[in-house]
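Visitor:
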Amino acid sequence: MNVSANDNNSAGVRGFLAKYSVLIAFAAIVVFFAVASPTFLTPANLFNMLVNNVVMLAIVALGLTIVISSGDIDLSVGVSVDMASMVFVMLLAAGYNGVVGVAGGLSAALIVGILNAILITRLNISPFLATLGVLFIGQSTQQLATSGGQPIYLTSGYAADQFNAIARTALFGVPTPVIALIVLAVAVHLLLHRSVFGRYVQAMGAQPGVAWYSGIRVPRELSMVHVLCALLAGVTGILLSATVKSYVPLSGNAFLLDAIGATFIGTTLSRERKPSVIGTLLGVLLLAIVKNGLLLVGWNFYWQQVGIGVLVFLVLAASFGLRRAAH
Amino acid sequence: MQTAKRDIAVSMTGISKRFGPVRALENANLEIARGSILGLVGQNGAGKSTIIKVLAGIIKPDSGSIVINGETVSALTPASVEKLGVHFIHQDRLLVPTATVGEAVFLGHEIGLGPFVSRRAMERRAADLLKRFFGMELPSGTLVKDLTTAQQKVVQITRALAQKASVLVLDEPTAALVKREVDSLFDVLRRLRDDGIAVVFISHYMQEIEKLCDRVTVMRNGTDVGTVDPRQTPIDEIIAMMIARDVGEMFPKRSVELGAPVLEVSNLRLGGSFENIGFNVRAGEIVGLTGLLGSGAKEIVQCLFGLKTADGGQVKVEGRELSLSTPVRAVRDGIAMLPEDRRAHGVALGLSVRENISLASLRRYSRSGMVSRGAENQAVDGLIKELSIKTPHRDALVRELSGGNQQKVAIAKWLSCQSRVYVLDEPTVAVDVGAKVEIYNLLNRLAGEGAAILLLSSDLLELVGVCDRVLVVYRGRLAGSFSGPAMNSDELLAASSGARSNADGVAA
């Protein structure tokens with residue numbers, strides 16, 4: 659009796675650790691950096707980290723969360739970021755106002771999403787290959803459009819100044835971009851976990867055959883998934899340009915792997931390893947804090963990637979290993 | 005039970021296992037003798053699968069002891085069990101779809117030199133074994149995914165035989181096999197028994213148990229309630245042991261006033277599969293459809309749900325002509341489909357009971373695109389209660405339910421849609437007796453509420469017991485429509501195999 663009670667207890671503890679491994683890692687890392695670096699918890703650093711490392715990545719990751727929930731993948735999110743950024747900056751540089759710039763940028767991302775949707779749902783190309791192809795084409799397109807990859811800078815006097823100003827302000831102490839992220843995250847959360855569309859996405863991700871046999875218009879819903887992902891990446895593209903007042907070709911690629919990583923770290927929160935908005939946001943925060951923290955404690959830039967790699971292994975191994983032991 | 009001293013290969017005693025509050029096994033015993041075929045029966049949820057998974061090293065028991073070949077073993081793993089000569093043919097096809105037959109047969113025991121695998125040798129050895137045991141010949145290098153379900157089963161058994169199994173456990177091996185294949189499987193099992201191998205045979209088909217097994221162990225509520233000789237014990241008695249409560253009749257009787265035709269099919273045609281198919285299903289009527297593999301019966305059902313597009317013909321539901329191009333259309337037009345492959349098409353195992361039940365009818369529980377949880381919960385709870393779906397709660401994953409309850413979830417999905425026409429494709433395959441009766445009752449109730457039901461089945465007793473009328477398809481044509489006294493399994497079998505045609509007029 660005693661033995662089995664102990665077994666149950668330790669299994670319970672392990673189950674708890676497995677379930678909350680991301681949260682525990684999160685807390686441990688925050689504590690670690692707070693102790694290791696006096697600047698880590700200062701408002702200025704947190705503001706900077708949220709605006710530069712969290713918001714843009716998180717918005718891309720929200721899009722990927724939808725795609726991965728549906729059982730697909732989108733490797734071309736970087737292209738959507740870049741295309742939106744490029745068109746936005748080109749329009750502003752040509753003297754158009756901000757509204758036209760934003761509309762143009764989002765339209766460019768929309769086109770990327772529609773292209774993905776057509777390749778996947780009409781031509782039945784696997785999402786991995788279809789979006790990989792779009793990634794290659796998108797990269798070349800940018801180089802062709804910018805004489806081999808020359809950045810486009812926005813000088814003062816453009817509408818960009820207003821955007822830049824907005825990006826640097828705060829509402830009740832919360833940076834405006836963070837507010838934008840919260841609004842988008844709530845919207846995507848409702849969409850994914852409360853709406854009819856979200857249910858269809860989950861069903862397609864869980865068992866595409868069942869979705870089809872239940873009368874769900876799978877091609878249409880999948881198209882919507884890819885378009886939404888591209889649009890969210892486009893929002894990041896515009897935020898990026900507004901923050902750095904320029905368009906640097908191929909800068910969107912940096913988001914792809916971090917966003918996929920964050921989404922999968924987030925799946926450890928769920929027993930069925932389903933992606934969720936909350937999990938993804940935690941994953942993004944975890945990555946951003948490690949990057950920022952390692953920088954503050956003086957780690958070489960090149961070692962940061964090693965740190966992140968090790969962290970991802972630890973979190974996932976803890977979650978998978980402990981969960982198996984708990985069963 | 006221990007009076008006769010037999011040569012015991014595996015002895016499991018006092019096995020208990022709990023999953024949270026659920027008691028899956030409670031002091032269960034299982035004794036497997038060499039040179040004998042042991043049947044293992046019980047309703048889904050009785051603990052059959054769990055005790056087999058314990059033996060397979062997939063589930064760790066809370067208590068109890070396992071003795072294999074006279075040796076007490078603890079901490080079994082799937083690999084260590086195979087080393088002890090105990091092999092399992094699981095119900096799910098656990099083969100790599102893209103492997104060749106040779107690779108599948110020798111998976112984990114590849115033939116070759118060091119790290120190099122000799123594919124040719126494996127193909128040749130596999131072909132030899134298949135021919136020797138089953139008289140089956142496949143083109144060299146055939147891929148597993150290109151095999152029929154029956155052939156895949158055969159390949160799995162061959163894999164165990166190739167590794168010199170001393171104990172062979174088969175979980176529902178005949179569920180997807182046709183008669184001839186079942187017979188040759190039985191021959192193989194008998195030969196293995198005569199060679200001294202211990203065979204465990206899990207099946208829902210009592211006739212098979214009676215025909216094949218030397219002894220049968222009956223499980224109920226997580227424990228073994230008895231082991232009997234199936235040849236000397238009437239089937240009814242064995243079923244009574246399984247169920248404890250009175251089953252009542254296997255096929256509940258009903259009397260329904262038939263209404264107007266709901267489903268009208270005329271001149272339906274699909275190149276290479278069937279032609280000139282015409283029949284009606286009236287409100288409250290259960291019409292059976294049967295035919296041998298490749299007769300076209302299955303394709304008719306697929307066309308009715310838009311899974312295949314017919315080349316010509318007309319399908320009407322309540323007088324309205326349908327264009328059945330996709331399941332999307334079929335569902336909107338009020339056709340419900342219970343597919344044969346439940347795990348691939350019927351229910352999403354990774355989603356909850358609630359999400360599965362409301363999946364096809366979410367629009368009814370939503371407002372401007374957002375799901376209204378209250379309305380959904382209420383409807384789902386109602387259906388769980390109405391169909392007596394055994395689930396801990398509405399948010400439990402369907403994966404955690406037994407096969408029969410999963411099937412009830414699949415039916416509940418369409419009840420929630422208020423479909424008018426129900427097309428069922430082998431709804432009781434791999435479902436236990438108790439759940440079968442419940443499904444039959446459900447069909448009766450649906451019919452009683454005025455639905456039109458088309459039941460595709462190869463279980464002739466089921467068709468005779470449940471249907472008002474049975475249509476037989478032979479080589480792509482309707483070979484007969486049987487009702488009343490003419491509707492008996494001999495007639496149906498004769499018509500399916502082309503020996504006889506027609507009874508009361510094809511058009512009906």
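Residue numbers (the working numbering), protein chains in the order written: chain A, 659 to 985; chain B, 5 to 512. Note that the Cβ used here is the ideal one computed from N, Cα and C, for glycine as well.
#1: Under the three-state reduction of DSSP, which class applies to A264(B): helix, strand or coil?
#2: Within 8 Å (strictly less), CB to CB, does A483(B) reach chain A?
#3: Could you please tell me which residues of the segment 411–430 of chain B, in chain order, have their CB closer than 8 Å to any CB of chain A?
#4: What residue from F110(B), P238(B), G484(B), L193(B) has the CA that sits closest to E214(B)'s CA?
#5: For the beta strand (DSSP E) that contains I70(B), what are its first and last residues?
#6: Taking the beta carbon of N755(A) as the centre, do at least 16 other beta carbons fall within 10 Å, making it buried, or is it exposed?
#7: Buried or exposed, going by whether 16 or more other CB atoms sit within 10 Å of the CB of K949(A)?
#8: Quick one: any contact between the segment 116–132 of chain B and the segment 190–202 of chain B, if contact means 3 or more CB pairs under 8 Å?
#9: Check L974(A) in the structure and name its three-state DSSP category.
#10: What is the DSSP secondary structure of N31(B), counted as helix, strand or coil?
#11: Taking Cβ positions only, does A775(A) come closer than 8 Å to chain B?
#12: Measure from the C-beta of A987(A) to each C-beta in chain B and report whether the shortest distance is under 8 Å.
#13: Is the beta carbon of I41(B) sitting closer than 8 Å to the one on D218(B)?
#14: In this structure, how does DSSP classify T938(A) when only helix, strand and coil are distinguished?
#15: Which residues, in order along the segment 890–924 of chain A, keep a beta-carbon less than 8 Å from a beta-carbon of chain B?
#16: State the start and end residues of the unbroken beta strand (DSSP E) segment that holds E930(A).
#17: Between H349(B) and P907(A), what straight-line distance do the alpha-carbon atoms span, to the nearest angstrom?
#18: Beta-carbon separation of R553(B) and G68(B) under 8 Å?
#19: Leaving aside the five residues before and after G76(B) along the sequence, list all residues of the same chain whose C-beta is less than 8 Å from its C-beta, in chain order.
#20: Hey, quick one: how far does the beta strand (DSSP E) through L293(B) stretch, first residue to last?
#21: Along the chain, which unbroken stretches of the alpha helix (DSSP H) at least 4 residues long are found entirely within the segment 372–396 of chain B?
#22: Taking Cβ positions, are L419(B) and L387(B) nearer each other than 8 Å?
#23: Count the CB pairs spanning the segment 741–751 of chain A and the segment 885–900 of chain A that are closer than 8 Å, and state whether there are at least three.
#24: Just to make sure I have the definition right: I need the residues of chain B whose C-beta is within less than 7 Å of the C-beta of R780(A). Which are they?
#25: When we look at the beta-carbon of N271(B) and count the other beta-carbons within 10 Å, is it buried (16 or more) or exposed?
#26: Under 8 Å: do the segment 878–889 of chain A and the segment 763–776 of chain A share three or more Cβ pairs, one atom per stretch?
#27: Note down, in chain order, each residue of its chain lying with its Cβ closer than 8 Å to the Cβ of A872(A), except the 5 sequence neighbours on either side.
#28: Are A164(B) and I93(B) close, meaning C-beta to C-beta below 8 Å?
#29: Below 8 Å on the Cβ atoms is my guess for A683(A) versus L972(A); work out the distance and round it to an integer in Å.
#30: Looking at C-beta atoms only, is the number of pairs between the segment 907–919 of chain A and the segment 788–804 of chain A that lie closer than 8 Å three or more?
#31: Quick check: is the beta carbon of Q865(A) nearer than 8 Å to any beta carbon in chain B?
#32: Secondary structure at G43(B), three-state DSSP: helix, strand or coil?
#33: Per DSSP, what kind of secondary structure is D250(B) in: helix, strand or coil?
#34: Of the residues E261(B), D315(B), L147(B), A13(B), which one's Cα is nearest the Cα of G1(B)?
#35: Below 8 Å on the Cβ atoms is my contact criterion, and I expect T894(A) with V758(A) to pass it. Report the Cβ-Cβ distance as a whole number of Å.
#36: Closest to T17(B) by CA distance: which of D11(B), N31(B), R27(B) is it?
Guide: Per the coordinate set shown:
#1: coil
#2: no
#3: K417
#4: P238(B)
#5: 67–72
#6: exposed
#7: buried
#8: no
#9: helix
#10: strand
#11: no
#12: Because chain A is modelled from 659 through 985, residue 987(A) falls outside the range shown and cannot be assessed.
#13: yes
#14: helix
#15: none
#16: No beta strand (DSSP E) holds E930(A); DSSP gives it neither H nor E.
#17: 45 Å
#18: Not covered by the structure: residue 553(B). The range shown for chain B is 5 to 512.
#19: Reading the sequence as shown, one finds Thr at residue 76(B) and not Gly. Excluding residues within five positions, the ones whose Cβ falls inside 8 Å are S69, I70.
#20: 290–294
#21: 377–390
#22: yes
#23: yes
#24: What R780(A) touches in chain B: nothing, since even the nearest Cβ is about 14 Å away.
#25: exposed
#26: yes
#27: Looking at the sequence provided, one finds Ser at residue 872(A) rather than Ala. The residues are A861.
#28: yes
#29: 7 Å
#30: yes
#31: yes
#32: strand
#33: Confidence at D250(B) is low in this model, with a pLDDT of 44, below 50, so the placement of that residue should be treated as unreliable; the coordinate-derived value is given next. Coil.
#34: Residue 1(B) is absent from the structure shown; chain B starts at 5 and stops at 512.
#35: Between V758(A) and T894(A) the Cβ distance is about 19 Å, and since that is not below 8 Å, they are no contact.
#36: N31(B)
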